[in-house]
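Residues 230 to 646, numbered by our numbering, are exactly what the sequence shown covers, in order. Note that the Cβ used here is the ideal one computed from N, Cα and C, for glycine as well. One structure below.
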Amino acid sequence: MTAKLFAKLSPLKSCETRRRTARGLGQESAGRVSLRFPLLLLAAVFAWVFSLCGNVPALALDYVLVKRDGGTLNLAGRILVEGQDGSLLLETPDTRYWVIQPEEIVDRRQDQEAFRFLSAEELIRQFRQELGESFAVHRTANYLIFYNCGQSYAAWCGWLLERLYTAFTTFWSRRGVPVRQPGIPLVAIIFPTKSTFIQYARQDAGEAAAAIIGYYHLEKNFTVLYDLTETSAISPLAARRSLAEINRLMAHPESYRAVATIVHEATHQLCYNTGLFSRMAETPLWLAEGVAMYFETPDLQSTAGWRSVGEINPKRLEDFRNSLSRGNRKPLRSLIESDDRLRDTSTALEAYAEAWALCYFLLKRYPQKMAAYVKLVGQKPPAEPYPPQSRVEDFERIFGPIPALEAEFLRFMSRQL
Numbered sequence: 230m231t232a233k234l235f236a237k238l239s240p241l242k243s244c245e246t247r248r249r250t251a252r253g254l255g256q257e258s259a260g261r262v263s264l265r266f267p268l269l270l271l272a273a274v275f276a277w278v279f280s281l282c283g284n285v286p287a288l289a290l291d292y293v294l295v296k297r298d299g300g301t302l303n304l305a306g307r308i309l310v311e312g313q314d315g316s317l318l319l320e321t322p323d324t325r326y327w328v329i330q331p332e333e334i335v336d337r338r339q340d341q342e343a344f345r346f347l348s349a350e351e352l353i354r355q356f357r358q359e360l361g362e363s364f365a366v367h368r369t370a371n372y373l374i375f376y377n378c379g380q381s382y383a384a385w386c387g388w389l390l391e392r393l394y395t396a397f398t399t400f401w402s403r404r405g406v407p408v409r410q411p412g413i414p415l416v417a418i419i420f421p422t423k424s425t426f427i428q429y430a431r432q433d434a435g436e437a438a439a440a441i442i443g444y445y446h447l448e449k450n451f452t453v454l455y456d457l458t459e460t461s462a463i464s465p466l467a468a469r470r471s472l473a474e475i476n477r478l479m480a481h482p483e484s485y486r487a488v489a490t491i492v493h494e495a496t497h498q499l500c501y502n503t504g505l506f507s508r509m510a511e512t513p514l515w516l517a518e519g520v521a522m523y524f525e526t527p528d529l530q531s532t533a534g535w536r537s538v539g540e541i542n543p544k545r546l547e548d549f550r551n552s553l554s555r556g557n558r559k560p561l562r563s564l565i566e567s568d569d570r571l572r573d574t575s576t577a578l579e580a581y582a583e584a585w586a587l588c589y590f591l592l593k594r595y596p597q598k599m600a601a602y603v604k605l606v607g608q609k610p611p612a613e614p615y616p617p618q619s620r621v622e623d624f625e626r627i628f629g630p631i632p633a634l635e636a637e638f639l640r641f642m643s644r645q646l
């Protein structure tokens with residue numbers, strides 16, 4: 230996946246920015262692999278693209294006829310990036326990003342119709358056409374959930390996602406971090422079984438699809454899941470379980486990590502659709518993943534609220550403890566200045582644990598400073614790179630020298646072990 234995307238983007242050697250008035254725009258192990266896949270493969274790619282190119286607000290609609298995979302695509306949207314060689318990065322009204330190479334362009338034109346995102350009804354028609362008529366839609370206040378599993382499981386997911394949405398927006402708002410209502414319903418897709426999920430996910434994850442439970446796709450901007458109970462594949466009667474029955478199943482300790490994965494990926498989706506982070510800017514991976522892990526502790530016992538936000542994450546704490554016991558922990562600066570430890574499969578497990586631990590420490594010990602840091606990162610302009618020295622300078626501007634903070638961090642976490 231990474232190689233394929235970089236191959237697509239490689240001709241974008243140098244770019245020119247076309248500035249337009251933005252008038253009329255809309256608003257803008259198995260479990261371990263599933264937690265890393267989308268952001269590692271896509272955030273780095275788009276950060277790299279935008280380090281070379283400019284952000285382009287669009288007044289008019291751009292139409293591009295694309296030759297791809299033996300057929301043609303008619304795309305309409307706004308061009309965010311245009312390379313001097315003719316390469317394009319296009320956003321379509323369903324919020325997807327399309328990387329288009331010059332040799333793929335058959336024709337392009339523009340009119341004066343204002344760009345806008347799709348309405349809920351338009352999204353439903355589009356996804357039903359893409360996924361097939363076997364998929365129904367479950368609508369909630371903030372989500373469109375497309376499913377061909379049991380309706381009760383889709384409703385349970387909607388209940389879970391809406392509770393997370395409320396907890397997430399309340400958490401950051403209370404800490405003075407502005408979050409906005411998404412300008413378009415958030416989309417989740419649920420398949421009935423693991424096997425049907427893998428078949429679909431291979432187009433995004435390749436052979437890694439077999440090792441993941443769910444994912445948020447940063448480029449396509451939707452979350453893909455499957456029925457963890459697989460009840461609808463067993464019998465129609467099982468598919469009609471009540472919400473309470475499904476919740477009891479999913480609250481079982483054996484289901485904890487699977488539910489945590491749903492919450493983790495849904496948190497990524499919220500981060501990039503409520504304005505906490507920008508899909509078009511380079512967010513340090515330790516922060517993006519640390520925030521998702523901070524929220525991933527499921528709260529299935531309470532019927533209202535989400536009391537478990539910020540609780541100790543048992544799996545991450547265990548991984549962090551194991552890292553310390555082996556005595557091969559890397560300096561904290563290496564996590565702050567680069568995403569390399571998170572991308573390297575030989576160090577990812579320890580790096581993810583430390584990213585969670587660092588976010589846990591900062592949000593518990595320095596909540597106001599952490600809020601200021603999140604706002605600083607979230608306001609990064611999309612067209613600028615975020616090199617190691619700048620990352621360190623921003624971090625130390627808020628939290629002070631890293632060596633002193635690291636000593637306090639380790640003392641704090643030792644009391645949690």
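Option in the options with minimal Cα separation from residue i
i, options, result
"residue 442", "565, 488 and 416", "488"
"residue 458", "358, 385, 317 and 313", "385"
"residue 341", "374, 290, 445 and 492", "290"
"residue 425", "406, 475, 473 and 363", "363"
"residue 635", "322, 336 and 560", "560"
"residue 537", "611, 524 and 547", "524"
"residue 484", "598, 456 and 596", "456"
"residue 507", "529, 637 and 607", "607"
"residue 584", "352, 312 and 639", "639"
"residue 637", "609, 595 and 619", "595"
"residue 338", "295, 593, 590 and 500", "295"
"residue 577", "549, 592, 598 and 554", "549"
"residue 323", "513, 359 and 311", "359"
"residue 644", "609, 546 and 398", "546"
"residue 320", "354, 365, 448 and 380", "448"
"residue 552", "486, 526, 399 and 586", "586"
"residue 423", "433, 435, 591 and 440", "440"
"residue 377", "365, 300 and 387", "365"
"residue 562", "622, 543 and 529", "622"
"residue 403", "388, 592, 354 and 477", "592"
"residue 486", "435, 474 and 543", "543"
"residue 387", "597, 435, 454 and 575", "454"
"residue 420", "582, 400 and 361", "361"
"residue 390", "297, 373 and 590", "373"
"residue 396", "298, 334 and 500", "500"
"residue 343", "301, 292, 610 and 620", "292"
"residue 610", "474, 392, 589 and 509", "509"
"residue 618", "590, 513, 597 and 598", "513"
"residue 406", "300, 522 and 597", "597"
"residue 224", "554, 522 and 333", "Absent from the model: residue 224. The displayed extent of the chain is 230 to 646, so no value can be given."
Residue-chain proximity (residue i, chain C), Cβ-Cβ < 9 Å
i, result
"residue 553", "The chain labelled as chain C is not found in the depicted structure, where only one protein chain is given."
Host alpha helix (DSSP H) of residue i (start-end)
i, result
"residue 398", "380-403"
"residue 296", "Segment 289-297 is the beta strand (DSSP E) holding residue 296; no alpha helix (DSSP H) there."
"residue 418", "Premise fails: residue 418 lies in the beta strand (DSSP E), 415-420, not in any alpha helix (DSSP H)."
"residue 426", "423-434"
"residue 353", "349-360"
Close-in-space but distant-in-sequence residues of the same chain around residue i (CB under 6 Å, 5 per side omitted)
i, result
"residue 503", "408 and 409"
"residue 615", "511"
"residue 271", "Confidence is the limiting factor: at residue 271 the pLDDT is only 46, short of 50, which leaves the residue's position unreliable, though a coordinate-based value still follows. Answer for residue 271: 447 and 448, listed in chain order."
"residue 356", "375"
"residue 273", "In this prediction, residue 273 has a pLDDT of 42, which is less than 50 and means its spatial position is unreliable; what the coordinates show is noted afterwards. Result list for residue 273: empty, nothing under 6 Å."
"residue 476", "529"
"residue 630", "none"
"residue 335", "294 and 296"
"residue 257", "At residue 257, the pLDDT of 24 sits below 50, so the modelled position is not reliable; the number obtained from the coordinates is stated separately. So the qualifying residues of the chain are 412."
Chain-order list of residues whose beta-carbon lies under 8 Å from that of residue i (same chain, five-residue window excluded)
i, result
"residue 451", "415, 416, 417, 418, 445 and 498"
"residue 471", "381"
Run of the beta strand (DSSP E) containing residue i, from where it starts to where it stops
i, result
"residue 623", "Element bounds for residue 623: not the beta strand (DSSP E) but the alpha helix (DSSP H), 617-628."
"residue 365", "365-368"
"residue 341", "334-343"
"residue 305", "300-312"
"residue 452", "451-455"
Residues near residue i in its chain [Cβ-Cβ closer than 7 Å; skip 5 each side]
i, result
"residue 580", "564, 570 and 571"
"residue 245", "Low confidence applies here, because residue 245 scores a pLDDT of 31, under 50, leaving its location unreliable; read the following figure in that light. 311 and 313."
"residue 438", "427, 430 and 431"
"residue 540", "526"
"residue 400", "538"
"residue 582", "545, 548, 549 and 552"
"residue 641", "590 and 594"
Proximity test, residue i beta-carbon vs the ligand MN heavy atom, cut-off 8 Å
i, result
"residue 575", "Ligands are entirely absent from the displayed structure, and the ligand MN is therefore not among its contents."
key: the stretch 300-309 in contact with the stretch 319-328 per 3-pair CB rule at 8 Å   = yes
ask   = Taking three-plus beta-carbon pairs below 8 Å as touching, is the stretch 601-609 in contact with the stretch 623-632?
value = yes
inquiry  = Please give me, in chain order, every unbroken run of the alpha helix (DSSP H) with length at least 4 that falls completely inside the stretch 475-515.
reply    = 485-500, all fully within the stretch 475-515.
ask   = Is the stretch 557-573 touching the stretch 366-373, taking contact as three or more C-beta pairs under 8 Å?
value = no
ask   = Does the stretch 348-358 touch the stretch 412-425, meaning 3 or more C-beta pairs lie closer than 8 Å?
value = yes
ask   = Using 8 Å as the Cβ pair cut-off and three pairs as the minimum, do the stretch 516-532 and the stretch 492-503 touch?
value = yes
inquiry  = Quick check for students: name the residue ranges of the alpha helix (DSSP H) that lie wholly in the stretch 522-571, counting only runs of 4 or more.
reply    = Listed in chain order, they are 543-555 and 561-566.
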